[in-house]
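>
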Amino acid sequence: MAEQEKEKDGFYKSVYKIAIPVTLQSLLMSLLYFTDQLMVGQLGDTAIASVGMATKIFGVISVVLAGLSTGVSIYAAQFWGNKDSGSVTQVLGIGLIGGTALSMVFSVAVYMQPQFFLGLFTTDTNVTEYGYIFLQVVAISYVPTMLTMMYSAILRSTGHANWPTIVSLVSVIANIVLNYLLIFGNFGAPELGLKGSAVATVISKVLECVLIIGAVYWYRLPGAVGVMNLLRIQGPLLKKFIGTTYPILLTELVWVLGETSYAVIYSRMGTVEMTAMTVTFPLQGISIGLLSGLASAAAVMVGNRLGAGEYDIALAHARRFVRLGIIISVVLGAALAALSPLYVSAFNISGEASQLAVYIVLVFAGFLWVKVSNMIMAGGILNSGGDSKYVFAMESTATWLIGVPSGLLLSFVWKQPVFLVYLVLSMEELVRFMFGWVRISSRKWMKNLVSDIAA
Numbered sequence: 001m002a003e004q005e006k007e008k009d010g011f012y013k014s015v016y017k018i019a020i021p022v023t024l025q026s027l028l029m030s031l032l033y034f035t036d037q038l039m040v041g042q043l044g045d046t047a048i049a050s051v052g053m054a055t056k057i058f059g060v061i062s063v064v065l066a067g068l069s070t071g072v073s074i075y076a077a078q079f080w081g082n083k084d085s086g087s088v089t090q091v092l093g094i095g096l097i098g099g100t101a102l103s104m105v106f107s108v109a110v111y112m113q114p115q116f117f118l119g120l121f122t123t124d125t126n127v128t129e130y131g132y133i134f135l136q137v138v139a140i141s142y143v144p145t146m147l148t149m150m151y152s153a154i155l156r157s158t159g160h161a162n163w164p165t166i167v168s169l170v171s172v173i174a175n176i177v178l179n180y181l182l183i184f185g186n187f188g189a190p191e192l193g194l195k196g197s198a199v200a201t202v203i204s205k206v207l208e209c210v211l212i213i214g215a216v217y218w219y220r221l222p223g224a225v226g227v228m229n230l231l232r233i234q235g236p237l238l239k240k241f242i243g244t245t246y247p248i249l250l251t252e253l254v255w256v257l258g259e260t261s262y263a264v265i266y267s268r269m270g271t272v273e274m275t276a277m278t279v280t281f282p283l284q285g286i287s288i289g290l291l292s293g294l295a296s297a298a299a300v301m302v303g304n305r306l307g308a309g310e311y312d313i314a315l316a317h318a319r320r321f322v323r324l325g326i327i328i329s330v331v332l333g334a335a336l337a338a339l340s341p342l343y344v345s346a347f348n349i350s351g352e353a354s355q356l357a358v359y360i361v362l363v364f365a366g367f368l369w370v371k372v373s374n375m376i377m378a379g380g381i382l383n384s385g386g387d388s389k390y391v392f393a394m395e396s397t398a399t400w401l402i403g404v405p406s407g408l409l410l411s412f413v414w415k416q417p418v419f420l421v422y423l424v425l426s427m428e429e430l431v432r433f434m435f436g437w438v439r440i441s442s443r444k445w446m447k448n449l450v451s452d453i454a455a
């Protein structure tokens with residue numbers, strides 16, 4: 001009994017050490033997005049919808065890079081648990097090579113044809129003619145964003161989660177100040193409007209990238225090696241990495257394409273409906289961000305145990321993480337429901353959009369517990385054991401056999417209001433939850449991916 005209590009205490013100490021910095025970083029990013037929306041929101045409905053569409057396009061790109069960084073995290077966590085720091089360096093090299101290629105292709109394509117990419121999401125000519133300015137400038141930030149993601153993944157997986165948080169804090173402060181100066185032309189700065197917000201985003205992302213890489217090399221943290229060391233990658237490791245990571249990339253792509261399909265559904269219902277959805281995105285981001293640290297902590301802690309061959313402890317950690325996520329998110333959801341009218345009133349939008357936004361927040365609050373559980377199970381626990389193919393099958397089935405068809409029928413055939421469409425779309429989360437919990441209980445996901453590979 002005493003041994004169990006000791007293990008439990010150690011579990012929560014590790015959760016605090018990893019989850020709190022990651023949570024703070026997610027909150028900072030959500031705060032930045034929220035501040036952007038508030039400032040841009042003063043420019044009217046079209047400006048908000050424009051940023052919302054541009055953000056969705058960036059979402060497609062960022063989740064592909066996030067899938068790659070997840071692969072980096074999985075192997076780095078298991079190698080670190082196996083006390084193999086040399087292989088951690090190789091994993092970082094794989095992530096940087098793949099990430100550079102992907103981010104540069106995306107950056108050039110979006111910069112050259114911003115109106116084309118906006119046109120994929122909306123038929124509103126005001127949005128395509130106005131929003132392309134924001135999207136084109138922000139495309140410049142894709143490469144530095146990728147670099148930040150890869151180095152942050154290595155630092156979190158090796159127990160240095162505080163550094164990405166510190167760097168993000170500086171970046172967010174810089175972005176908020178630059179937004180205030182460049183959107184409205186305060187203190188003699190040029191008044192650039194929507195373009196000013198984009199310029200502020202690029203500058204802050206470059207600053208964040210420089211600071212995180214600078215910290216790694218200045219303090220000799222994991223990843224502080226020469227370029228040639230990053231390029232020395234073993235064939236067996238690369239093969240296993242690709243085998244684990246490509247389903248993650250496909251999962252992220254399927255997920256974002258599903259979310260993109262939902263965005264297209266909302267936007268084609270009308271600008272008022274899209275505005276109502278867009279103003280809820282910052283709140284959704286903050287809420288998920290509050291609990292995203294649990295998913296990251298689950299990936300690292302369970303991955304460390306699997307890498308060390310401690311399977312029973314890994315399973316106990318997994319179950320404890322899911323229970324903890326449900327308890328916290330139920331409490332948070334109740335608070336969101338109570339505060340929804342106050343939140344929506346902060347935006348300068350029409351009365352119809354405001355009412356719809358309140359209803360959407362209420363739906364989100366009711367499904368928060370299951371969204372968080374799925375984030376912990378799929379993004380943290382199952383992937384930590386390399387069970388990425390199962391996660392891909394689970395995510396794609398729920399999205400494309402339940403979510404998207406339901407949304408199309410409700411919006412275009414049965415002409416239901418946007419909040420009811422969102423309610424039915426959220427039902428797919430329950431399907432994911434059932435499949436995820438059954439898989440965790442089966443123990444089939446528990447694999448040591450690094451036992452046969454050493455630097």
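Number 304 in this note's numbering belongs to position 304 of the sequence shown; there are no gaps in the numbering.
All residues carry an ideal CB built from backbone N, CA and C; glycine is no exception.
What you are looking at is a predicted structure, and each value in this text was computed from that prediction instead of being measured.
1. Taking DSSP as the reference, what is the three-state secondary structure of Ile349?
2. Residues in its own chain within less than 8 Å of Ser292 by CB, not counting five upstream and five downstream?
3. Checking 8 Å against the spacing of the C-beta atoms, do Val40 and Ala49 come in under that value?
4. Does Asn448 pass the burial test, meaning 16 or more other C-beta atoms within 10 Å, or should it be called exposed?
5. Taking only three categories from DSSP, how would you classify Asn186?
6. Buried or exposed for Trp445, going by 16 or more other Cβ atoms inside 10 Å?
7. Would you say the stretch 340-359 touches the stretch 399-406, given that touching needs at least three Cβ pairs under 8 Å?
8. Taking Phe281 as part of the alpha helix (DSSP H), name the residues at either end of that continuous run.
9. So, Leu155 versus Pro222, is the Cβ gap smaller than 8 Å?
10. Do Glu395 and Val264 have their C-beta atoms within less than 8 Å of each other?
11. In three-state DSSP terms, what is His160?
12. Helix, strand or coil: which one does DSSP assign to Met446?
13. Touching or not, the stretch 239-258 and the stretch 64-76, by the rule of three or more beta carbon pairs under 8 Å?
14. Kindly list the residues whose CB is nearer than 6 Å to the CB of Lys371, restricted to its own chain and excluding five residues on each side of it in sequence; keep chain order.
15. Helix or strand or just coil, what does DSSP make of Ala455?
16. Is DSSP giving Trp437 helix, strand or coil here?
17. From Leu182, Val15 and Pro164, pick the residue whose C-alpha is nearest to that of Ile213; which is it?
18. Would you identify the three-state DSSP class for Pro21, choosing helix, strand or coil?
19. In three-state DSSP terms, what is Phe367?
20. Which residue comes first and which comes last in the alpha helix (DSSP H) that contains Trp400?
21. Using a Cβ-Cβ cut-off of 7 Å (strictly less than) and excluding sequence neighbours within five positions of Leu231, which residues of its own chain qualify?
22. Can you check which of these residues, Gly159, Ile381 and Leu409, is closest to Tyr16 by C-alpha distance?
23. Flag this pair as yes or no: are the beta carbons of Leu194 and Leu43 separated by less than 8 Å?
24. Given that a residue counts as buried once 16 or more other Cβ atoms are within 10 Å of its Cβ, and exposed if not, what is Lys415?
25. Classify Gln115: buried if its beta carbon has 16 or more other beta carbons within 10 angstroms, exposed otherwise.
26. Please determine if the stretch 83-101 and the stretch 170-178 are in contact, where contact requires at least 3 C-beta pairs separated by less than 8 Å.
27. Among Ala314, Leu283, Thr55 and Ala54, which one has its Cα closest to the Cα of Met377?
28. Give me, in chain order, the residues of the same chain whose beta-carbon lies closer than 7 Å to that of Leu425; leave out the 5 immediate sequence neighbours on both sides.
29. Quick check: the stretch 133-143 against the stretch 196-206, are there 3 or more CB pairs under 8 Å?
30. Look up Glu252 in the DSSP assignment and say whether it is helix, strand or coil.
31. Going by beta carbon distance, what residues of the same chain come within less than 7 Å of Leu294, once the five residues before and after it are set aside?
32. Tell me which residue opens and which closes the alpha helix (DSSP H) that Tyr422 is part of.
This is what the structure gives:
1. coil
2. Val22, Thr23, Ser26 and Met375
3. no
4. buried
5. helix
6. buried
7. no
8. Thr271 to Gly307
9. yes
10. no
11. coil
12. coil
13. yes
14. Glu429
15. For Ala455, the pLDDT reaches just 48, beneath the cut-off of 50, and the residue's location in the model is therefore unreliable, leaving the point undetermined.
16. helix
17. Pro164
18. helix
19. helix
20. No alpha helix (DSSP H) holds Trp400; DSSP gives it neither H nor E.
21. Gly93
22. Gly159
23. yes
24. exposed
25. exposed
26. no
27. Ala314
28. Tyr262, Gly403, Ser406 and Gly407
29. yes
30. helix
31. Ala19, Phe321, Leu324, Gly325 and Ile376
32. Val418 to Leu425
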